[in-house]
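In what follows, a structure is listed as structure tokens, so that the remarks can point back to it.
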Amino acid sequence: MVCVHVVNSYSDKPETGFNSYKIPDIRCSKPLIYNVKKNDQLVFLQRMLDVKIDNKEINLSLPNEIGLSLNIFTKARDEAENLLKKLKKDMGKNKDFYSENVSLFYDYIEQIQIACVFSYKAVEAFCNATIPNDFIYKKINPKGIQEIYEISQIEKWIPTSEKLTEIMPKILNCESPKEIKYWSMFKELETLRNEIIHSKKKNSIENTKKMLSKNILNTLNSSIYILNHFIQKDISNEVFPLGFLDTKWRIYEIDDPKKIFEWTHWA
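In UniProt numbering, the protein residues as written are 1 to 267.
Written as structure tokens, this is what we have:
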């Protein structure tokens, strides 16, 4: 970890001092924040990743996987919306698209596919990041036999929609997203994503029609509503991505500032 920000005399300015930290990039992992009582300091620590690129060792601020997926999704969705405006103009002039004028359609379909995959991936990553390492999931299978899943088995074998309806509500102490408006759209997103990833010849034409349907952007955006449903229950959770609702932080209190030096180097 690296120390990225320090607020001195924190007790004199808890609000202004706290807000003095500027997030460098919304894709960053949330910093760990410690109130060092002995020094009256608020210390912000950023988790780092040691990597080697072309024999050059660097320390990289650890990205939030959910945030990365959301960023890829929103870029592709926004590009798809821009392409759609151009397509509508072309459709006002033409009915048949088979020569050079077909390129915009293909560009649009590509962006919809990217947006679909990463919209869903953001929710999938959210579930897997939120489940505690010691969590045990029990369920009764269709044969009436109890099945027990540990974290690695949950990640691998339990569908994302089941994690959302059966596991996340237990962890975050909230209602199932089945009851919210966009659940049916998220199920459509899940189906389309699976058909894109696990492509089958018999579904190719139907999937292309889905990606060109007028409701596709609402389907893609359903992930945002699903994430909002859960994130508002624990906004300060460190595994959650930045950029949702009003950012809140979890502050840990420690007495001995020496511990900070043991954990970090200083930027």
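Think of the CB as a built atom: it goes at the ideal place given N, C-alpha and C, for glycine as much as any other residue.
Small disclaimer: the values here were computed from a predicted structure and weren't measured.
- Item | C-alpha gap between Ile131 and Cys174, whole angstroms | 14 Å
- Quick one: is His198 buried, meaning 16 or more other Cβ sit within 10 Å of its Cβ, or exposed? By the neighbour-count rule (16 or more Cβ atoms within 10 Å), His198 is not buried but exposed.
- Query: Any idea which residues DSSP pairs Lys138 with across the strands?
  - Reply: Ile148
- Message: Can you confirm whether the region 147 to 161 touches the region 222 to 237 when touching is taken to mean that 3 or more C-beta pairs between the two stretches lie within less than 8 Å?
- Response: no
- Message: For Glu195, tell me which candidate among Asn35, Tyr149, Thr208, Ile151 has the shortest Cα-Cα distance.
- Response: Considering only alpha carbons, the answer is Thr208.
- Would you identify the three-state DSSP class for Lys170, choosing helix, strand or coil? Judged by DSSP in its simplified three-state form, Lys170 adopts helix.
- Query: Helix, strand or coil: how does DSSP classify Ser99 here?
  - Reply: Under the three-state reduction of DSSP, Ser99 is assigned to coil, being neither helix nor strand.
- Let me know the secondary structure DSSP gives Asp256 once reduced to three states. coil
- Backbone CA spacing between Thr219 and Leu70 [nearest angstrom]: 15 Å
- Query: Given Trp266, which residues of its chain have a CB within under 6 Å of its CB, disregarding the five upstream and five downstream residues?
  - Reply: Reliability of the predicted coordinates at Trp266 is poor, the pLDDT of 43 falling under 50, and no value is obtained from them.
- Item | C-beta contact flag for Ser213 and Phe186 at 8 Å | no
- Could you tell me if Ser161 is buried or exposed, where buried requires 16 or more neighbouring beta carbons within 10 angstroms of its beta carbon? Result: buried.
- Message: Less than 8 Å between C-beta atoms, sequence neighbours within five positions excluded: which residues of the same chain meet that for Lys37?
- Response: Glu253, Ile254, Asp255
- Query: Which whole runs of the beta strand (DSSP E) in the region 39 to 73 are 3 residues long or more, in chain order?
  - Reply: Within the region 39 to 73, the complete beta strand (DSSP E) segments of 3 residues or longer fall at 41 to 46, 48 to 53, 56 to 61, listed in chain order.
- Thinking C-beta only, is Leu42 closer than 8 Å to Asn35? yes
- Message: So, for Lys138: in the same chain, excluding its five sequence neighbours on each side, which residues have a beta-carbon less than 8 Å away from its beta-carbon?
- Response: Gln146, Glu147, Ile148, Tyr149
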